[in-house]
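Working notes for the structure below.
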Amino acid sequence: MTMLNVALPKGRLGEKVYGMFEQAGFECPSIRENSRKLIFENPEKGVRYFWVKPSDVAIYVERGAADVGVAGKDILLEYAPDVYELSDLDIGKCRMAVAAPAGFQDDIRKTLRVATKFTNIARTYYAGIGRDIDIIHLNGSIELAPILGLSDVIVDIVETGTTLKENKLEVVRTIVPISARLIANRSGYKFNQAAIERLVAGLTAQKEENA
Ligand code: PRP
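Residues in the sequence shown are numbered from 41 upward in steps of one, following this note's numbering.
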């Protein structure tokens, strides 16, 4: 039997995702043993899991190192990897938003300075509304940028809104809702179609149960 290679996003979301795969019939008990190993397999079920950094899942899948994986819609929009997006898992829900200091007023005579990790999403959004911007690419702690005068606004992920609130920022506009998606490598899909279809059916059944 060929093994289905699965890239899981390391962290809390990934653990939830593994639980869903387990219920879909792709269990691999060794993954639950606390260890620092990154690869786990269950030959009986024909599945091999590996933990990767969440933002790297799409790269593993696009290049075929993994047949399937779970990635946030934010990463799919930002990097547009050439993969199949098979289903929305309805978990890891948050939104991509523009945020600014409370009371912010946009002065359209000036170029808007936008700090973000998601430069493509930000550029596409502002091009769509015809607003001139200056992108400031940061790798984290984006909320600091408007506080220190490095930018006027930020484009970032908002989940509970706590980070914004604690830094006296507020959402100006939601750009797009985000959630975790099951993705597949284009040629891996053909080789593993039966297993992947079983997986998708199992995951869909759980979504319906939870709805
Ligand atoms: C994201 C985002 C915000 C935070 C929002 O960061 O960049 O900082 O979550 O969550 P909240 O609305 O629930 O406060 P994440 O924890 O993903 O890590 P990052 O700093 O690496 O982006």
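For each residue, glycine too, the CB sits at the ideal point set by N, CA and C.
Distance cut-off 7 angstroms: residue i Cβ against heavy atoms of the ligand PRP
| i | result |
| --- | --- |
| Asn184 | Sequence inspection shows Leu at residue 184; the Asn mentioned does not correspond to that position. No, since every heavy atom of the ligand PRP falls outside the 7 angstroms radius drawn around the Cβ of Leu184. |
| Val110 | no |
| Thr202 | yes |
| Gly180 | yes |
| Glu118 | no |
| Ile218 | no |
| Asp196 | yes |
| Glu55 | no |
| Glu210 | no |
| Glu248 | no |
| Glu73 | no |
| Glu67 | no |
| Glu102 | no |
| Glu125 | no |
8 angstroms contact criterion, which residue i and residue j should meet: CB distance rounded
| i | j | result |
| --- | --- | --- |
| Tyr124 | Ala224 | 4 angstroms |
| Ile115 | Ser95 | 6 angstroms |
C-alpha gap between residue i and residue j, whole angstroms
| i | j | result |
| --- | --- | --- |
| Leu209 | Glu237 | 43 angstroms |
| Ser191 | Gly54 | 33 angstroms |
| Arg221 | Lys85 | 22 angstroms |
| Ala105 | Gly228 | 9 angstroms |
| Thr159 | Val198 | 16 angstroms |
| Ile148 | Asn179 | 27 angstroms |
| Gln63 | Ala140 | 42 angstroms |
| Arg135 | Ile215 | 7 angstroms |
| Gly143 | Leu188 | 16 angstroms |
| Arg171 | Arg52 | 37 angstroms |
Neighbourhood of residue i by C-beta distance below 6 angstroms, restricted to the same chain and skipping five residues each side
| i | result |
| --- | --- |
| Pro121 | Ala98, Glu102 |
| Asn82 | Cys68 |
As assigned by DSSP and simplified to three states, the class of residue i
| i | result |
| --- | --- |
| Leu153 | A quick correction: the sequence has Arg, not Leu, at residue 153. Reduced to three states, the DSSP call for Arg153 is strand. |
| Val123 | coil |
| Pro141 | strand |
| Gly86 | coil |
| Phe12 | Residue 12 is absent from the model: the chain starts at 41 and stops at 251. |
| Asp172 | coil |
Cβ neighbours of residue i in the same chain (closer than 7 angstroms, five flanking residues each side left out)
| i | result |
| --- | --- |
| Thr200 | none |
| Ile176 | Arg153, Val154, Ala155, Ala185, Leu190, Ser191 |
| Leu182 | The question names Leu, but residue 182 in the sequence shown is Ile. Same-chain partners within the cutoff: Ala155, Thr156, Lys157, Ile194, Asp196. |
| Lys113 | Ile218, Ser219, Arg221 |
| Lys50 | Trp91, Val92, Lys93, Pro94 |
Close Cβ partners of residue i (< 8 angstroms) along its chain, the five nearest in sequence each way excluded
| i | result |
| --- | --- |
| Leu129 | Val57, Met60, Val110, Ser219, Ala220, Arg221, Leu222, Leu243, Lys247 |
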